[in-house]
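Using our numbering, you'd call the opening residue of the sequence shown number 266 and step up by one each time. Structure first, commentary second.
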Amino acid sequence: MRKQELIDSITGKLENLLAQAKAQGLSQKELAARAGISEVGLSQAKARGDLRVSTLEALANALDMTIEFKPRRSHDAAITAIREGRFFDLAGEP
C-alpha cells in the first residue's frame, strides 16, 4: 500500500469514528476525553492523516465499537485460494 493510500485509509476510518461520535451526541472534544487523548492531538492527527493504531482503537472503544480487518479480495476468491494453497499469491487482485 502506498503512503497516500494508507493516509486516506486512516483518515477515512477516523472520519467514520467522528461521524459515529456525532451520531451519539458527542463532540470531538468529548470523544477525545473518553479515549484518553487530547483534543489537540486528535485534531493534529486528523489533519496529518497519521494516527497510531492504539489511538484508533481507543477512539473506537470510547464509542463501544471494534476495529476489524477484512480481506480486500472477494470471499469466494479467498476461499478458493486457501483451498488451492495460493492465498498469498492473490495480493495484487482486487
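Note that CB positions come from ideal geometry on N, CA and C, so glycine has one too.
If you measure between the beta carbons of I272 and G314, is that distance less than 8 Å? yes
Could you say if the stretch 275-290 and the stretch 320-331 meet the contact criterion of at least three C-beta pairs nearer than 8 Å? yes
Three CB pairs or more closer than 8 Å across the stretch 324-332 and the stretch 293-300: yes
Can you tell me where the alpha helix (DSSP H) with D299 in it begins and where it stops? The sequence shown places Arg at residue 299, rather than the Asp named in the question. Counting along the chain, the alpha helix (DSSP H) containing R299 begins and ends at Q293 to A300.
Go to G277, then tell me how far its alpha helix (DSSP H) extends in each direction, as first and last residue. K268 to A288
Span of the alpha helix (DSSP H) holding E333? Segment: none, E333 is in no alpha helix (DSSP H) and carries neither H nor E.
Determine whether the beta carbon atoms of L316 and I347 lie at a separation below 8 Å. no
Helix, strand or coil for L316, going by three-state DSSP, please let me know. coil
Burial state of A284, where buried means 16 or more other Cβ atoms lie within 10 Å: exposed
Would you kindly check if the distance between the Cβ of E304 and the Cβ of K311 is under 8 Å? no
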